[in-house]
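Heads up, the thing below is written out as structure tokens.
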Amino acid sequence: MRLDKFLVDMGVGSRKDVRELIKKKQVQVNGEIAKKADDKIDEKQDEVMCQGVVYHYTEYDYIMLNKPQGVVSATEDKIHQTVLDLLDKRYHRVAPVGRLDKDTQGLLLLTNDGALAHDLLSPKKHVDKRYEVHLKYPIQEDLVLSFEEGIILEDGYKCLPAKLTIKDSYCVFVTIQEGKFHQVKRMFQALNNKVVFLKRLSMGSLQLDETLPIGAYRELTIEELEHLKKGR
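See the structure below:
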């Protein structure tokens, strides 16, 4: 791999920025000052240091974000803050796996592993997504069966069977295997109710780390990633 590509992939800066750093002798490879941007390196074996920071190459990044409300699930937006704006620049390669509405908070996985993202989002894989839902009006217990049978939305679409667990009259948990636009909100709208708070708790085997403050993130553990890949 070219040295400049390595540093760009690691989020050091643009290719122009990286070349300038190399020119200013701010980059070392295995303890020796790098001379050219197009020098070839072994990204898995060579030690690359830039401005005193050693960078270790990873092909894929897997990030768990506790998404806050008011942030859009996109890589760029001219008006709103995006989930990528919350991450360190070294994670510039990742993209959200699916989306959470702007006013929805909770678990969001971001990665540049396209194969994993595709499998998690594929309708054929039936990946569970679990939400905590707060409602404007009290819920009726008999609606548990309605969710199991499939809620019919206002446009006539019949949702796949879903699981409704009632915590109390105004707080429930919903597990779905689809990702239609505003689906959870529309399911309750079809039942003459209104969602006032929505939080995603899990996606497949991956559960939100409740110790993560809202707006914070971390890399997945090896165990979390292995379970996620096995379950896809």
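Using numbering that gives the first Met the number 0, the letters of the sequence shown correspond one by one to residues 0 to 231.
Glycine included, each C-beta is placed from N, C-alpha and C at the ideal position.
Check                                                                                                                                                                                 : Outcome
Any chance you could list the alpha helix (DSSP H) runs of at least 4 consecutive residues sitting entirely within the segment 89-145, in chain order?                                : 113-120
Is it the case that the Cβ atoms of Val-194 and Val-132 are separated by a distance below 7 angstroms?                                                                                : yes
Does the segment 63-78 come into contact with the segment 22-39, if we say contact requires no fewer than three beta-carbon pairs (one atom in each stretch) closer than 8 angstroms? : no
Given Ala-189, which residues of its chain have a CB within under 8 angstroms of its CB, disregarding the five upstream and five downstream residues?                                 : Ile-150, Ile-151, Leu-152 and Glu-153
Are the CB atoms of Leu-109 and Val-126 nearer to each other than 7 angstroms?                                                                                                        : no
In the DSSP assignment, what are the bridge partners of Tyr-234?                                                                                                                      : Residue 234 is absent from the model: the chain starts at 0 and stops at 231.
From this set, Asp-87, His-91, Tyr-90 and Ala-116, which residue's C-alpha is nearest Arg-98's C-alpha?                                                                               : Ala-116
Would a C-beta distance cut-off of 7 angstroms place Pro-122 and Leu-107 closer than the cut-off?                                                                                     : no
Taking only runs of the beta strand (DSSP E) that begin and end inside the segment 150-231, which ones reach a length of at least 3 residues, in chain order?                         : 162-167, 170-175, 194-202 and 216-218
Could you tell me whether the segment 208-219 touches the segment 171-178, using the rule of 3 or more Cβ pairs below 8 angstroms?                                                    : no
Any idea which residues DSSP pairs Leu-64 with across the strands?                                                                                                                    : Leu-107 and Tyr-216
So what's Val-28 in DSSP terms, helix, strand or just coil?                                                                                                                           : strand
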